[in-house]
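Each residue of the sequence shown is one higher than the one before, counting from 1 in the UniProt record's numbering.
Idealized CB from N, CA, C, for every residue including glycine.
Reading through the structure tokens given below for one structure.
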Amino acid sequence: MSKKVTMQQIADHVGVSKFAVSKALSGKSGVSPDTREKIIQAATQLGYFSQKRNKPAVSRQPTPNRRPSAERDTIVVLIPNVREQNRQSTFWGRIIDGITEGLENNNLGMMIVTEHITDNFTKLINPDAVLGLIGVGLISNQLLLEIRKLGIPFVLVDHEDSLIPSDVLFMNNYECVRRATNYLLGNGHREVQFVGNIRYSRSFYDRWLGFRSMLEEQDTELRQEKKLLEFEGVNRSEITEQLEPILRELKGKGRLPTAFVCANDSIAICIMTALMKMGVDVPGEVSVCGFDNIEDASLSSPKLSTVHVNKEALGQRSVETLLWRISHPDDPKEKILLAGDFVLRESTSVAR
């Protein structure tokens, strides 16, 4: 039986005080981001997060197929209002709808937390009254550490932290983009570019990997414009402003591709807007494909070909996963991938 990993061991490994380790691992402020990252990496390497905690995940664990007690029937849904992750979003909002339906079907209450809290999460909620937590979208490493310290079972949707183990749910981003890319290659496109900041989220990076792998599988040379993987911008006006000069430069050099595979629908709509301003016909000259199938995808002109994400199903499945985790606290963590469908519309056609 291995010995328990202590905070002092982590402190000695990193070369900091035990007090700094305590702050970093509990998600408290007072530690620089670089030091926090070194401490968390050391804790992961030494097995600190893998060992069983003294504090149980819940004080009254429900048995399978049995409703939790009425004294502990609230699920916290955490959706920090950053990067347009909010209830009004046509993407995130539909996930929340699915969570709401899943909780109602299990007679559970819901408390939505939308503030981007980085400290003292316990001041906002009463852990003794919370059955579990569902995190939707990007959640800071610092906040996840604090949630873990509270011993609340939690599940993450469309986000994961490699240093903090948890159950996570994603669309099968890798395979879905492979399917869309394969369609374009099958229609004669050989000059294809991926569009999306691959550091923006895990989903974007997985979609980029899927794009690359299909080009390699089909023996198509990858001539990726690096700027299309690094641009910034949160809303569509900012994204279009960033993308337009990149596209104009490609066109000026005679390197405008025949197809774009975009990390999401909003980026795809921005690409089409910029191309039309440049007098480039979509899909006559350039095909554009998105991802997510938000409502605007079928309303754009031309209507956008995309990958359909069943956002409500993601939400409903996250509830099922959380309830399973509450009943099986010691079982291995799971990464659940939901399949998506390629939706063919007007923005894609055979290569020019």
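With 16 other Cβ atoms within 10 Å as the buried cut-off, status of residue i
i           : result
His189      : buried
Val291      : It is worth fixing the name first, because residue 291 is Phe in this sequence and not Val. When all chains shown are included, Phe291 counts as buried.
Ala129      : exposed
Ala339      : exposed
Met272      : buried
Asn105      : exposed
Lys221      : The amino acid occupying residue 221 in the given sequence is Glu; Lys does not appear at that position. So Glu221 ends up on the exposed side.
Ser162      : exposed
Glu238      : exposed
Met276      : exposed
Thr6        : exposed
residue 366 : What the structure shows of the chain is the stretch from 1 to 352, and residue 366 is not part of that stretch, so it cannot be assessed.
Asn173      : buried
Gly30       : exposed
Asn235      : exposed
Ile124      : What sits at residue 124 in the sequence shown is Leu, not Ile. Under this definition Leu124 is an exposed residue.
Gln193      : buried
Lys333      : exposed
Val350      : exposed
Reduced DSSP category for residue i - H, G, I as helix; E, B as strand; rest coil
i           : result
Leu25       : helix
Lys149      : helix
Gly132      : strand
Ala259      : strand
Asn54       : Here Asn54 scores only 45 on pLDDT, less than 50, and its place in the model should not be relied on; the value that follows carries that caveat. DSSP places Asn54 in coil when its eight states are reduced to three.
Gln45       : helix
residue 353 : This structure leaves residue 353 out entirely; the chain is present only between 1 and 352.
Gly252      : helix
Thr333      : A small correction: the amino acid at residue 333 is Lys; Thr does not occupy that position in the sequence shown. Lys333 falls in the coil class under three-state DSSP.
Val113      : strand
Ser349      : coil
Asp292      : strand
Ile75       : strand
Gln88       : coil
Leu275      : helix
Ser287      : strand
Ser305      : strand
Phe194      : strand
Leu314      : helix
Asp161      : coil
Phe170      : strand
Leu343      : For the sequence presented, residue 343 should be read as Val rather than Leu. Val343 falls in the strand class under three-state DSSP.
Leu143      : helix
Own chain residues within Cβ distance below 8 Å of residue i, not counting five before or after
i      : result
Leu344 : Tyr183 and Ser305
Pro127 : Leu150, Gly151 and Ile152
Thr35  : Val14, Val16, Ala20 and Ala24
Chain-order list of residues whose beta-carbon lies under 7 Å from that of residue i (same chain, five-residue window excluded)
i           : result
Ala57       : Residue placement at Ala57 is flagged as unreliable, the pLDDT there being 38, under the threshold of 50; the coordinate-derived value follows with that caveat. Closer than 7 Å at Cβ, skipping near neighbours: Gly151, Pro153 and Pro329.
residue 366 : In the structure as shown, the chain begins at 1 and stops at 352. Residue 366 is therefore absent and cannot be evaluated.
Residues near residue i in its chain [Cβ-Cβ closer than 6 Å; skip 5 each side]
i      : result
Val14  : Lys38, Ile39 and Ala42
Thr321 : Val155 and Asp167
Lys335 : Val168
Met111 : Thr74 and Val76
Thr181 : Phe211, Met214 and Val261
Gln85  : Ile79, Trp92 and Gly137
Asp97  : Glu312
Residue i Cβ short of 8 Å to the ligand ATP heavy atom set
i      : result
Lys253 : In the structure shown, the ligand ATP is absent, as is every other ligand, since no ligand is present at all.
Inset, instruction - Spell out a yes or no on whether the region 197–214 and the region 315–330 are touching, meaning 3 or more CB-CB pairs, one atom from each, closer than 8 Å. - result: Verdict: no, contact absent.
Inset, instruction - May I ask you to verify whether the region 287–303 touches the region 258–276, counting CB pairs closer than 8 Å and requiring at least 3? - result: By the criterion of at least three beta-carbon pairs nearer than 8 Å, the region 287–303 is in contact with the region 258–276.
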